[in-house]
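This report concerns only the one structure given below.
Numbering (my numbering), first residue to last: 0 to 380.
What follows is the structure in structure tokens.
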């Protein structure tokens, strides 16, 4: 058996085995293309109306006090604000519960658990682990992670099989462009080859990033390729920079949170959103995450640690301070959904995910025709 024929049969076997799981992940991935935008659209009723002349949004401390007074959220651990004050503030408690609060009145708008969010969350659970619960979740994750690796093998082997043996223009045209008038296996092959070619690069990024999310060895491989030391392979601990500062107890009253936010955003005039994380201890600094992008673009975010006593920035952390390997992993995490490049990246990821559904369908159809044709072929006496 020639090498090309051996790779073909491996390609066919993996595709037939993992095809339905890949189809499920592609379909759910397509539905999740604009997840962030849909969730934000579902919360459109939480937005404030046009503010009265001269009205100013409430300060952060007042928002927390009013939310606690109405019982909207327990012990507040973080407050998220967008640049547009008509967008509600998002207050999160230690147990993960959230409260959306009007920034002008302090009125509780809701917890954000809309029907749209619940639907998209269920789609996400299908995408990750077949929406299984309890101990069965690890089984679902194993199937999806393994199928993702199989899909990586399909992409690599498919590119080898796709490459035309004849270096003629007509041979390239058959695998680069859709052709009219084809039917049956010829049409399936044409669609399979064309979609695979134009989707190959973004699909390799999506599949490779999925592997780093699912497997520790894949994440470690990223660090090794980035030249990190083995000690840097572990995920950075949340709050580690703050705990290592060893600040003394405050000698006076802490600076108001609103002043700390103002100090942080003055460092980044083009900010779009900030998230204030309240410290567990009085002497610890307040962490303000300043974002200049969509919230899903790591390189546009920075953590500023501010002293509660003086209001000064005492340390910069977050993405700029990460090792090269961690930066690549953060990029891969949001390259998986395309969000690292905004709505254009999301659209590309959604289109190629939709294309995968056609790849699976045409691949399974050609496999079925191949085996069915063998069964119908009359035996030679």
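Positions of the beta carbon are idealized from the N, C-alpha and C atoms, including for glycine. Note that the structure is a prediction, hence the values are computed from the model and not measured.
Proximity below 8 Å, CB of residue i to CB of residue j
i, j, result
"residue 161", "residue 114", "no"
"residue 351", "residue 201", "yes"
"residue 308", "residue 272", "no"
"residue 199", "residue 116", "no"
"residue 62", "residue 122", "no"
"residue 107", "residue 66", "yes"
"residue 302", "residue 292", "no"
"residue 32", "residue 349", "yes"
"residue 332", "residue 208", "yes"
"residue 14", "residue 153", "yes"
"residue 264", "residue 142", "no"
"residue 96", "residue 110", "yes"
"residue 262", "residue 310", "yes"
"residue 300", "residue 288", "yes"
"residue 72", "residue 90", "yes"
"residue 88", "residue 75", "no"
"residue 181", "residue 196", "no"
"residue 18", "residue 359", "yes"
"residue 344", "residue 337", "yes"
8 Å Cβ cutoff, residue i in contact with chain C
i, result
"residue 108", "Absent from the structure is chain C; it holds one protein chain and no more."
Closer than 7 Å: residue i CB and nearest the ligand ADP heavy atom
i, result
"residue 368", "The ligand ADP is not part of the structure shown, which contains no ligands of any sort."
Residue of the options minimising C-alpha distance to residue i
i, options, result
"residue 256", "204, 341, 207, 78", "78"
"residue 204", "150, 6, 184, 253", "150"
"residue 50", "225, 85, 148", "85"
"residue 147", "364, 368, 355", "355"
"residue 37", "57, 119, 208", "119"
"residue 124", "178, 98, 24, 14", "24"
"residue 276", "267, 305, 297", "305"
"residue 222", "159, 324, 172", "324"
"residue 6", "156, 254, 128, 258", "156"
"residue 234", "9, 129, 322, 101", "322"
"residue 144", "99, 206, 89, 93", "206"
"residue 34", "81, 360, 346", "346"
"residue 104", "9, 59, 311", "59"
"residue 80", "270, 225, 297", "270"
"residue 341", "368, 320, 313, 298", "298"
"residue 253", "227, 231, 285", "285"
"residue 369", "183, 138, 289, 225", "183"
"residue 312", "283, 94, 140", "283"
"residue 357", "224, 230, 194", "194"
"residue 47", "134, 180, 102", "102"
"residue 158", "99, 3, 54, 211", "3"
"residue 210", "127, 228, 138", "127"
Start and end residues, alpha helix (DSSP H) containing residue i
i, result
"residue 124", "114-128"
"residue 315", "Per DSSP, residue 315 belongs to no alpha helix (DSSP H); it is in the beta strand (DSSP E), 312-316."
"residue 332", "323-334"
"residue 91", "Careful: residue 91 lies outside any alpha helix (DSSP H), inside the beta strand (DSSP E) at 88-92."
"residue 221", "215-225"
Span of the beta strand (DSSP E) around residue i
i, result
"residue 301", "300-305"
"residue 109", "107-109"
"residue 81", "75-81"
"residue 283", "Unbroken run through residue 283: none, as it is neither H nor E."
"residue 258", "Run containing residue 258: none in the beta strand (DSSP E); it sits in the alpha helix (DSSP H), 256-266."
"residue 275", "272-276"
"residue 97", "97-100"
>> Which complete alpha helix (DSSP H) runs does the region 146-192 hold, if anything under 4 residues is left out?
In response: The DSSP assignment places 168-175 as complete runs of the alpha helix (DSSP H) inside the region 146-192, in order along the chain (cut-off: 4 residues).
> Should the region 321-337 be called in touch with the region 218-234, which here means at least 3 C-beta pairs below 8 Å?
Replying inline: Under the Cβ criterion (8 Å, minimum of three pairs), the region 321-337 counts as touching the region 218-234.
> Counting pairs of Cβ atoms below 8 Å between the region 180-188 and the region 361-368, do you hit three or more?
Replying inline: With a cut-off of 8 Å, the region 361-368 and the region 180-188 count as touching, because enough Cβ pairs lie within range.
>> Which runs of the alpha helix (DSSP H) at least 4 residues long sit entirely within the region 7-58? Give them in chain order.
In response: Runs found: 34-41.
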